[in-house]
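In the numbering used here, the protein residues as written are 198 to 1028.
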């Protein structure tokens, strides 16, 4: 307690620097609190209502018909009174109005009585779902009515069946995320499924059997029994605890992304904490000198200022937690269309305790080096303004290693995919290190430039003013702006490539599940040349006799071998394909079945020429030898396949056909209506609308990203303001000398403005250069699309950065430039 009076006086004397430090702590804690609190609320809500998210205790699902053995086992359990069951079939199909004047691609969900076992399907009328949905009826989403002009009581055609609309669904327990569905939901009765004629077409149907265990204690035992029966790789048995709903899959990935963003902001804010604390300690150098002169030891001084740090950090932590809770509400508001109805904002004591503990650790780690250097100050250096003696580099090295270990610990604690998290920490550290090197190089160049203009020359010298945190400001701005600028550049490139720039000869409409016997009639109906692509659906079961570990594959955060693949057959390459390994597509001398694979597959799992891949095609095994590896020369909307077989291998396998056609936008609707009336089984996907949905989602997530990136930009602005405050005496002296030598107030303002313009330009240009490089690499290497630098938008972004920096810098300098020379001279004379 004996330190408190002195600490209070020092904080009051350096109130601006103390405030900047507390705000940097607040920014770091706000980002962490917002992300962890949001994640905690979502996770608890999803775990609490896990049964409702799946509408059952046990879920058996398969893209192929459920095996006879599995059906017998389920029927046997039901006959014994151990379970209740309900069938669910989900697939896309075009729904047509009764008069065939309008149609819309929809997600059909056929359910049997009993669905859902948990949760409720909420209807607009307030009626009960099982009473409303009867044979011959359907319940639709509201947007289907808006897109077709229908109303309740009208009839629609689903395949060959004509059904009456009896109600509107507003929510369902096991719904997928609305933003990712290609069309509105349509519920039909399981009894009407056969009359639609869509089951026998080979369509992409997701089949599920929902099971409710009448003895809750026996759920795991029933699930284990059914798993032992499942004969197919594609037939999965999960409980509500182990299954991942579409909602949960999305939020697992999105929360993973948000945690990465939170770590990034934490690292950038940490630079602010360290820089503002250095400035705060620099303002108290004379106090340290006096304390040491009268006999205070290094331990006493470090303890004294450590109390000050934690007192200010406590204030910053409280502000950060409050701001973080406000940011959580923004997250819930921005993501409300995607959130399940059960997820809502609630106060989390655990989250607050976590934030408090994290705040203490963050402050201690980022304050260690400034405190050490404070203890190493010598009175003679401070009082007589001698250059500081060179200190050992070990403390800085130890502090850096501790910070890296701290972030690795956060990765291990918060993230399931530790390997990816470690790579992220490495990338983040690399960005900061690269920014530091580039900033150092840029400042070295500016320092050596022969500048003739007096105001500009003085502004450039001001960048290297003693106590100026120019380098820290540049590092923070460069890293933060590279993320913001890169995000905007990626968003614009995706929009231009996929939304605003359909080349004239590019197919924009896909027709799926055309049956072989419908080819001739379909071609006449579209009245234009059509190329059909055969599709055979299969799973990979093994590579070189080593079975695929499906659970391990599913844990990968990229495309993997656990899913169902579309195989095709032909004897030649497509126009945009080339062979990158192998002499020809297939080898004439090989007698066993062959397959050509895309290089994307080889990146999922190591494969080379001569390897053998085992497939299972609707229960029938097929082993094929890799004959060649292909690559696509450019990204386009043209169809492509990962696996291509010789015609003789697959032509007799169960298959459907699809084609891609370029159709003027105004003709898509009428053609779709006509084709669906003639071929009810055919699904039509307007690619421009699909990509538009994706881009709208990206825009929403981008705005959320911008909100979080604001925290890191704010850290940079705080460092800048802190730097101005820390060099207050030097700036006052400069201003006084300028005025004594005859310069007017305008000249002084010009020098300080040019200094901030240089900082803004350097930070903006360096951030833009990094952003352009990162965005170019992602577009060309990851998305395989062309890249546009958007010069006008990039210039505007740098311009806005300069305006922001100048506004903050001059705002912080107003009181300095208001000082009159006589005031400074009197102070010097009295001193």
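Note that CB positions come from ideal geometry on N, CA and C, so glycine has one too.
Taking its Cβ as the centre, do 16 or more other Cβ atoms sit within 10 Å of residue i, making it buried, or is it exposed?
i	result
residue 873	buried
residue 466	buried
residue 375	Low local confidence applies: a pLDDT of 44 at residue 375 is under 50, so the model's placement there is unreliable, and no value is given.
residue 845	exposed
residue 1011	exposed
residue 737	buried
residue 780	exposed
residue 805	exposed
residue 506	buried
residue 368	exposed
residue 354	buried
residue 803	exposed
residue 217	buried
residue 282	buried
residue 641	exposed
residue 714	exposed
Starting from residue i, trace the beta strand (DSSP E) in both directions and tell me its first and last residue.
i	result
residue 826	817-829
residue 879	It is not in any beta strand (DSSP E) - residue 879 carries neither H nor E in the DSSP assignment.
residue 764	762-766
residue 727	Residue 727 -> no beta strand (DSSP E), and no H or E assigned at all.
residue 259	255-259
residue 439	Here residue 439 belongs to no beta strand (DSSP E), and DSSP marks it neither H nor E.
residue 853	853-858
What did DSSP end up calling residue i once you bin it into helix, strand or coil?
i	result
residue 945	helix
residue 756	coil
residue 279	coil
residue 806	coil
residue 780	coil
residue 720	helix
residue 495	helix
residue 774	strand
residue 594	helix
residue 567	helix
residue 793	strand
residue 368	strand
residue 744	strand
residue 984	coil
residue 707	strand
residue 349	coil
residue 712	coil
residue 384	strand
residue 838	coil
residue 689	helix
What do you reckon, are the CB atoms on residue i and residue j nearer than 7 Å?
i	j	result
residue 794	residue 761	no
residue 1096	residue 226	No answer is possible for residue 1096: it lies beyond the span of the chain, which begins at 198 and ends at 1028.
residue 709	residue 972	no
residue 254	residue 361	no
residue 826	residue 799	yes
residue 252	residue 423	no
residue 385	residue 335	yes
residue 625	residue 464	yes
residue 840	residue 770	no
residue 472	residue 775	no
residue 490	residue 963	no
residue 259	residue 432	yes
residue 381	residue 341	yes
residue 811	residue 739	yes
residue 434	residue 257	yes
residue 711	residue 854	yes
Terminal residues of the continuous alpha helix (DSSP H) containing residue i?
i	result
residue 436	Counting along the chain, residue 436 falls outside any alpha helix (DSSP H), though it belongs to the beta strand (DSSP E) covering 433-436.
residue 655	651-659
residue 342	339-345
residue 489	482-490
residue 797	796-801
residue 646	Neither: residue 646 is in no alpha helix (DSSP H) and is coded neither H nor E.
residue 844	844-847
Closer than 6 Å to a non-hydrogen atom of the ligand NAD - does that hold for the CB of residue i?
i	result
residue 672	Ligands are entirely absent from the displayed structure, and the ligand NAD is therefore not among its contents.
*Which runs of the beta strand (DSSP E) spanning at least 3 residues fall entirely within the stretch 386-428, listed in chain order?*
Fully enclosed beta strand (DSSP E) runs of 3 or longer: 403-410.
*May I have a chain-ordered list of the beta strand (DSSP E) segments no shorter than 3 residues that lie completely inside the stretch 261-336?*
Runs of the beta strand (DSSP E) inside the stretch 261-336: 280-294 and 300-308.
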